[in-house]
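In the working numbering, the protein residues as written are 21 to 221.
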Ligand SMILES: Cc1cc2nc3c(=O)[nH]c(=O)nc-3n(C[C@H](O)[C@H](O)[C@H](O)COP(=O)(O)O)c2cc1C
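Dropping the structure here:
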């Protein structure tokens, strides 16, 4: 059994590492991520808590050549489903670049079980699974980035990812790769003190 000290270190060590930095330089090395590693990470995600044991998390994994398809899908989706006044070419290209510069992209789905559990709780269960995923990636030395954008959850886009149920949702894309640079520090340092967020009774 892992001890609390080791677990605390892992939790603090976990960082968001995006496939590219703010000026478009790659953050991930060329080193590929083995299928066994991805499988272990997703197996850990699969152990997340889930109300009613609905296990609502779903994963669509893109690697290798398929990442170019994902980049194109994102470009097209953003172009077709972004209102003109909101459209920014730079934003579209950045979104597509994440897919082009990553080693792995895991599209995060929520499979709805109507009438059983409130949708909000199914979303929360998926978030728990994603935290398991991110911590497991950290333990393997992988950088990870949970990307969210409204366009991922447009019905035709969601269906293209393989989430085809009426009330299913796409909750983001999780990018993974071995960092090519030093492990980053948390932006703005440590979180605000937890004491400020606790009411003791
Ligand atoms: C649900 C969720 C969605 C997120 N979506 C984005 C996103 O779309 N773009 C982004 O830059 N960061 C996104 N992040 C990552 C946060 O920016 C990141 O967690 C935060 O800066 C703290 O850094 P850390 O993860 O290294 O602790 C998301 C995080 C969560 C939990």
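Just so it is clear, CB atoms sit at the ideal spot from N, CA and C, and this is done for glycine as well.
So does residue 207 have its beta carbon nearer than 7 angstroms to some heavy atom of ligand 1?
yes
Straight-line Cα distance separating residue 109 from residue 98:
Cα to Cα, the separation comes out at about 9 angstroms.
Per-residue burial, residue 167 [other beta carbons within 10 Å of its own, 16 or more giving buried]:
A buried status is given to residue 167, since no fewer than 16 other beta-carbon atoms sit within 10 Å of its beta-carbon.
Contact between the region 49-67 and the region 196-210 (3+ Cβ pairs under 8 angstroms)
Enough Cβ pairs lie closer than 8 angstroms, so yes.
Taking Cβ to Cβ, would you say residue 157 is nearer than 8 angstroms to residue 196?
yes
Is residue 184 buried or exposed, if buried means 16 or more other CB atoms sit within 10 Å of its CB?
Residue 184 is exposed by the Cβ-count criterion.
Range of the contiguous beta strand (DSSP E) that encloses residue 118:
Following the DSSP letters along the chain, one finds residue 118 in no beta strand (DSSP E) but inside the alpha helix (DSSP H) bounded by residues 109-121.
Using a Cβ-based criterion (distance less than 7 angstroms to any ligand heavy atom), does residue 166 qualify as near ligand 1?
Residue 166: yes, Cβ under 7 angstroms from ligand 1.
Under three-state DSSP, which class holds residue 125?
strand
For residue 209, which option in 96, 190, 220, 32 has the closest C-alpha, if you only look at C-alpha atoms?
32
Tell me whether the beta-carbon of residue 181 lies closer than 8 angstroms to the beta-carbon of residue 143.
no
Which listed residue (115, 22, 138, 87) has its alpha carbon closest to that of residue 170:
115
Which stretch, first to last residue, makes up the beta strand (DSSP E) that contains residue 80?
77-83
In chain order, which continuous runs of the alpha helix (DSSP H) of length 4 or greater are located wholly inside the region 155-197?
175-180
Taking a contact to mean a Cβ-Cβ separation below 8 angstroms, would you say residue 152 touches residue 67 in this structure?
yes
Would you say the region 75-90 touches the region 38-45, given that touching needs at least three Cβ pairs under 8 angstroms?
No, the region 75-90 does not touch the region 38-45.
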